[in-house]
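So the structure is just underneath, and the comments pick up after that.
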Amino acid sequence: AGLSWLERADNSHWFLQLIATDGAQTEAVEVFLRKAKEAELNFTNLRTYHAQVNAKTRYGVIYGEYPTRAAAIADLRRLPSAIKIANPFPRQVKQLR
Numbered sequence: 016a017g018l019s020w021l022e023r024a025d026n027s028h029w030f031l032q033l034i035a036t037d038g039a040q041t042e043a044v045e046v047f048l049r050k051a052k053e054a055e056l057n058f059t060n061l062r063t064y065h066a067q068v069n070a071k072t073r074y075g076v077i078y079g080e081y082p083t084r085a086a087a088i089a090d091l092r093r094l095p096s097a098i099k100i101a102n103p104f105p106r107q108v109k110q111l112r
């Protein structure tokens with residue numbers, strides 16, 4: 016689902032980067048997803064991804080799709096505190112490609 020979303024998402028749109036970790040820390044993604052479920056985060060808007068950065072595998076969890084940075088920040092403020100503890104931040108779709 017994450018790959019198909021990335022293929023169709025507009026480059027100018029934004030999402031929330033909830034967490035990112037290196038390839039050796041896949042358990043961190045699993046732990047975060049359990050916390051997200053406990054916090055009742057809307058899983059419809061949740062996606063995971065993996066990427067190669069400087070020959071290293073990275074995994075991440077992202078949330079939502081917003082037409083503007085301001086809309087992403089507004090939704091960031093509404094996230095449960097258990098999710099905010101990971102210091103999520105807005106990113107543009109073109110930065111993930």
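Going by my numbering, the sequence shown opens with residue 16, and the numbers climb by one from there.
Just so you know, even glycine gets a beta-carbon here, dropped at the ideal spot from N, CA and C.
Which residues bound the beta strand (DSSP E) around Glu80? By 1-based counting over the sequence shown, the position of residue 80 is 65. Bounds of the beta strand (DSSP E) holding Glu80 are 71-81.
Looking at Tyr78 and Gly17, is the spacing between their C-beta atoms short of 9 Å? Position 2 of the sequence shown holds residue 17. Position 63 of the sequence shown holds residue 78. No. Outside cutoff.
Following the continuous alpha helix (DSSP H) through Gln110, name the residue where it begins and the one where it ends. Counting from 1 along the sequence shown, the entry for residue 110 is found at position 95. Where Gln110 is concerned, the enclosing alpha helix (DSSP H) stretches over 108-111.
If you drop the 5 nearest sequence neighbours on each side, which residues of the same chain put their C-beta closer than 8 Å to that of Pro105? Start at 1 with the first residue of the sequence shown, and residue 105 comes out as number 90. So the qualifying residues of the chain are Trp29, Phe30, Leu31, Gln32, Tyr81, Arg84, Ala87, Ile88, Leu91.
The alpha helix (DSSP H) that contains Asp90, what's its start and end? In the sequence shown, the residue the question calls residue 90 occupies position 75. Looking at the DSSP string, the run of the alpha helix (DSSP H) that includes Asp90 is 84-93.
If I measure Cβ to Cβ from Thr41 and keep anything under 8 Å in the same chain, skipping five residues before and after, which residues do I get? Within the sequence shown, numbered from 1, the residue matching residue 41 stands at position 26. Excluding positions up to five away in sequence, the list reads Tyr74.
Taking the alpha carbon of Ala51 as the point to measure from, which residue in Val108, Pro95, Leu21 has its own alpha carbon closest? One-based indexing of the sequence shown puts residue 51 at position 36. Checked all of Val108, Pro95, Leu21; the closest Cα to Ala51 is Pro95.
Mind checking whether Thr72 and Asp37 have CB atoms under 9 Å apart? If you number the sequence shown from 1, residue 72 lands on position 57. If you number the sequence shown from 1, residue 37 lands on position 22. Taking 9 Å as the Cβ cut-off, Thr72 and Asp37 qualify as a contacting pair.
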